[in-house]
Structures are given as structure tokens and as C-alpha cells.
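Just so we're aligned: the sequence shown equals residues 54 to 240 in our numbering.
Using N, Cα and C, we set each Cβ at its ideal position, and we do this for glycine too.
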Amino acid sequence: MRIGWLLVAALAVGGYVSIVAPAGRQAIAIGLRARELDRLAARNERLLADAAGLRAAHRRVAADVARLSGPSRPALAVVAMLRLLEREGRRRRVLITSLSPGERGNAAVENGAEDVTVGLRGGYASVLQTVADLTKGDILIQVRDLDLAQASDDTAERNVDATVRATLYHRLSAIMKEERHAQNDAR
């Protein structure tokens, strides 16, 4: 009987070694592979989300470029700038006293950028805020220079006269060309 029990115990140990132990190792390997695949799936989901974010950013940038490339004709760009100045001037009680083209004239217009000089009159803070808002509109304006002086004929109101020299862009290629020149000059 003892031999029978030993034989049963030997068969149990042999069965464990030949069937259960390899199955346990295989279960551990499957569990490790499942965790690895879960990490890979999570990474792929993050990449897909990032790709969706990049596609959305691409659409926003394309829309911004289309909007900022703005009017393709110089006259439309000037009209847009005048509307912006009028809106900001009305909001801050700043008067537009003059508007004149820059020195480059027609050559600048053909290149997609036009120099303009704008005269403004109003309170000091209002004039500065109006000039700052020029660069935040739907048209692309680069303010190059600003001269401020106390208004000579206005002693009671404490107004200032401002002369703003700016570049008004009406073609995107002009912006890119100017940026390339600036990078080359910096070298």
C-alpha cells in the first residue's frame, strides 16, 4: 500500500512537473505579453490623440495663414487698416489726423508691403494702446517707429500727437521674404 501511495505521489509530482509547471510559466509569459501589449496600445492611443491634435493645429494654422495673408490688393489692405484705426480710435477717443504712404512708393506696393505713416491725437495711454492694437488685428501691420509729442494747440486736454511709421503687408510672400532677409542680416 505504501508503494501504491509512493507511486501516486510520484505520478502527482511527475504530472505537476510535466503539465502544471509549464502551464504556469506559460501563464506568466502570457501575462507579461498582455501587459506589454496594453502599454503598446496606450502608447498608440496617445500617438493617435497627438496626431489628431496636430491635424487640428494644422487646420488652425492654415486658417490663420489664409486670414493673415489678408487682402491681396494694396487698396483693400489700406481700407482694412483704416477700419481698424477708426474702430480703435472711436473706442479710445483717439483721432486719426493723417495717413500717408512711405518713401518706397509703388515699388513697395508691388512687393506686397507698403510703408505708411499715420498721425494720431489723443490721451497718452489711449494713443499707446491704439498703436499696440494695430498689430493685433486681422491685417498684418508691423510698427517700426513711434514719435510722441505734446499737442501744441491743446493745453486743457493734455493730448499727445503721435506719428506712427509702420509697414502694412498685403501679400504673405512679402512677409516671408522680409523674414528671410532679417535672418540673413542677423548672420
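Exposed unless 16 or more other CB atoms sit within 10 angstroms - verdict on residue i
i	result
Gly57	exposed
Tyr177	exposed
Ile192	buried
Arg174	buried
Asp91	exposed
Asn212	buried
Asp214	buried
Pro75	exposed
Leu187	buried
Leu135	exposed
Ala128	exposed
Val147	buried
Ala130	buried
In DSSP terms, what residue i is bridged to
i	result
Leu148	Arg174
Ala219	Val169 and Val196
Gln182	According to DSSP, Gln182 bridges with nothing at all.
Leu201	Ala215
Pro154	Val169
Beta-carbon spacing of residue i, residue j below 8 Å
i	j	result
Gln182	Arg145	yes
Tyr222	Ala166	yes
Gly172	Thr216	yes
Val169	Leu152	yes
Leu138	Ile149	yes
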